[in-house]
Amino acid sequence: MKTGAILLKLSLFIALSAKTTADRQHDVVMYVDRLAQDLQKQLRVGVFNCWIVHFADDSTFSTMHDELVYYLSANYMSLMQVKQRGKYTSLSQDPSLAIIILSNSAIDSNDNNLLYWLAHIPYEATTIVLFEHNTTTMEPLSIGNHLNLMTLWNVILIPTNIDAVYTFHYVPMRVIHFTGYPDPAVLFYDRLSTLQTRYILTGFKKDLYTMTPCETVPGEDLALFQLFADTINMRLFVQQFACDENESLVACSAKYTHVDFFMNRFTSWNYSKYNVNHLTMQQVAIATPKGRLLTIWEILLQPFQESVWWSILAICIAFELMEIVFPTLFSNSLISLALFGFEKYQLRFTKPPEKVTASALIMMFFLLKCAYEAKLITYITETPRNPGASSIQELHDRNITVYHKHFDTMHLNKLDGLLENYVGDSIAFEGLTIVDNRIALSIEMLFNEVDGYYSSLYQLLDENVFEMVPFYAFQPKSQIRQPFIEYHQRVFEVGLPLHWHSEMLRCYRYHVNLVKLRAHRMQAKHLIQEDKFKPLVLFFGLQWVVEVGVFIAEVIAGRLLKCRR
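Quick note on the numbering used here: the sequence shown kicks off at 6 and runs consecutively.
What follows is the structure, given as structure tokens:
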């Protein structure tokens, strides 16, 4: 009798427990559905992608899985369901919400398939883990640590058999325990703000966007990321890459996998969702040497084209021949009259045809002389040079080699057949034609204007070779990538990049002025000093006084002699 009573109580307890578990699972499904709807409204995306990754063996979880699919699909969500043997493919759409259904055991570190799926859940996606809680109080922390290794921070743990909800704070990891069904606003918080150890590690290769010659003026990109770190209340640790001189930026940065992101701007022809594009285009331009200096004879002949000189010569020869063949046709030599003003007879007393012809020649040669002298005067302000290549087409016509240093030339189709890699330490304005970033070439042109700084004067071609979008490269699943995208947009809208760019240019102009000042001082050493002129000036001054005195004496003496006579 007692045994039957015990069995009856045990069966009732099991039935009640099963009913309680089933009720809890149904409530969890309804709660997850509410969380998904709130997240869908919050994100406001066109297609809300949801993954349901089912890695539980228990058949009771299959019922919950089917119920989840029923409710979520009713809310116009794009669902992708994965069972234990489901393989990840690159065609899978990234989820906004990932629901992971586990059994009553923690995540198996040897289950490569599950780990592979977890590794491809974006950091920004919300991850809800449904599991059966056992007697181990450390189980939520164990699951959280496994997900943390996969850089999944937006995690919510919901046991299906007890009244609890868990979230985490990070670095160090802390478990936050809730009871009941907390409001979504309590669970969807910024995980980055929970960090107690707050720092970002970045690296860069020195270029014009990261460092300037002025200690107080950081590069444009360094200023951008320093302000970003201050904005999110984190400390920025900056490491300069030790790159070989002939090593490209991509090859050098590949050795530094421990940094959170790379500060340098990359140019990439393949899309990567981990890169953040810069909001301004990068222009690729060409700097080419100006033409050689003209000789004195070239300067004298340059104002007129060759056809003009031949025309003038033909006119002169024609009139000289006319004077020889028809000596009585004109009274004067019209060429001598038009060029030098020589006339044998006054023009007003000559025949009308001679007057008209002479007047026309005088006007023609006068206009030619005005144009000729105007061109010669321009040589005073601008050194006369043989014109160099002024367009990309002229580079092709002259077959001029264009050099680059570790520059991605995949899409530089305009320079096909002209490109060659530069093998020296660094490209300088020493007679080579260079293709590079227009801003870098513009800064180098500031130094090119200093007399004696470079042996060759250069010019920038107005035509761009190519325009492309530079990128900042972040580590996969970086916690700061999305905050940086939002920050970068705000900074661009208020015009801070223009301010940093102008500060950078002002720094370079300051150093150009210092170089000019040093060059001026070096030239001043070769000038004759004022104290060396004093004896000479004194000598000529005394000589002038003596000459004036002698002149005055002669005038006085002359007048006295005249008066006596």
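Even for Gly, the Cβ is constructed at its ideal location relative to N, Cα and C.
CA-to-CA, the gap between Tyr-171 and Val-191 works out to about 11 Å.
DSSP places Gly-208 in the uninterrupted beta strand (DSSP E) bounded by 204-209. Note that the C-beta distance between Tyr-76 and Val-34 is below 8 Å. Counted as a single uninterrupted DSSP element, the beta strand (DSSP E) harbouring Cys-55 occupies residues 54-60.
In this structure Ser-108 is in contact with Ala-61, their Cβ atoms being roughly 4 Å apart against a cut-off of 8 Å. With contacts defined as CB atoms closer than 8 Å, Ser-338 and Glu-359 fail to qualify as a contacting pair. Listed in chain order, the non-local C-beta contacts of His-263 below 6 Å within the same chain number zero, local neighbours out to five positions each way being set aside. Assigned with DSSP and collapsed to three states, Phe-246 falls in coil, not helix or strand.
Residue environment analysis places His-416 among the exposed positions, since fewer than 16 neighbouring C-beta atoms fall within 10 angstroms of its C-beta. DSSP, read as helix, strand or coil, puts Phe-66 in helix.
CA-to-CA, the gap between Glu-559 and Gln-548 works out to about 16 Å. Looking only at Glu-129, Leu-299, Thr-362, the smallest Cα-Cα distance to Leu-381 is reached by Leu-299.
With a minimum length of 4 residues, the unbroken runs of alpha helix (DSSP H) contained wholly in the stretch 381-441 fall at 397-403. Every beta strand (DSSP E) stretch that sits fully inside the stretch 163-219 and reaches 3 residues is listed by chain position as 170-174, 179-183, 204-209. Cβ neighbours of Phe-233 within its own chain (closer than 7 Å, five residues either side excluded): Phe-489, Tyr-492. Per the C-alpha coordinates, the member of His-525, Pro-223, Cys-248, Arg-569 positioned closest to Ser-507 is Pro-223. Looking from the CA of Lys-210, the closest CA among Ile-163, Tyr-175, Tyr-261 belongs to Tyr-261. DSSP places Ser-316 in the helix class (H, G or I) of the three-state scheme.
Proximity of the stretch 264-275 to the stretch 458-477 meets the contact definition, three or more beta-carbon pairs being nearer than 8 Å.
The closest CA to that of Glu-129, considering only Leu-48, Val-74, Leu-229, is found on Leu-48. Residue nearest to Met-82 within the set Gly-91, Met-69, Leu-102 is Leu-102 (criterion: CA-CA distance). Exposed is the label assigned to Thr-333, since fewer than 16 other Cβ atoms lie within 10 Å of its Cβ. Here Asn-269 carries a coil assignment [DSSP, helix/strand/coil]. Annotation for Tyr-463: Ala-292, Thr-293, Pro-294, Lys-295, Phe-434, Met-450, Asn-453 place their beta carbon closer than 7 Å to its own, counting only its chain and skipping 5 residues before and after. Assignment of Gln-487 by DSSP, reduced to helix, strand and coil, places it in the helix class.
Inclusion of Asp-265 and Ile-485 in the CB contact set at 8 Å is warranted, their separation being smaller than that value.
Taking a 10 Å sphere around the C-beta of Asn-418, we find fewer than 16 other C-beta atoms and assign the residue as exposed. Take Ile-161, set aside five residues on each side of it, and the residues of its chain with a beta-carbon closer than 8 Å to its own are Leu-40, Thr-131, Thr-132, Ile-133, Val-134, Val-170, Tyr-171, Thr-172, Leu-192, in chain order.
With distances taken between CA atoms, Thr-26 lies nearest to Met-69 out of Met-69, Tyr-458, Ser-341. By DSSP's assignment, Pro-294 forms a beta bridge with Tyr-463. Secondary structure at Ser-336: coil, using DSSP grouped into helix, strand and coil.
Secondary structure note for Thr-236: its alpha helix (DSSP H) is the uninterrupted segment 225-236.
With 16 or more neighbouring CB atoms inside 10 Å of its own CB, Met-509 falls in the buried class.
A contact is defined here as three or more CB-CB pairs under 8 Å, and the stretch 173-181 meets this definition with respect to the stretch 142-151. It is roughly 20 Å from the alpha-carbon of Thr-165 to the alpha-carbon of His-151.
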